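Data block below; observations after.
In full-length UniProt numbering, the protein residues as written are 1 to 58.
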């Protein structure tokens, strides 16, 4: 009698994704503390706080 254990299983192989890009905030911001990012129809604001944290707002 055939069971699930008797049947070979096919393992799906996921394609390898390239490593995400890495950007240094000094290169991205330069002397600025804030920049805008256009994403499709939306505009986002990325800013560096006084405590050197990043805040992204829409």
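From the three backbone atoms N, C-alpha and C, an ideal C-beta is built for every residue, glycine too.
As the structure is a computational prediction, the values presented were derived from the model and not from experiment.
- Under DSSP, residue 43 forms a beta bridge with 38.
- DSSP places residue 56 inside the beta strand (DSSP E), whose first and last residues are 54 to 57.
- A contact between stretches requires three or more CB pairs, one per stretch, nearer than 8 Å, and the stretch 44 to 55 meets this requirement with the stretch 24 to 36.
- Around residue 57, the same chain offers 45 as residues with beta carbons nearer than 6 Å, after the five sequence neighbours per side are excluded.
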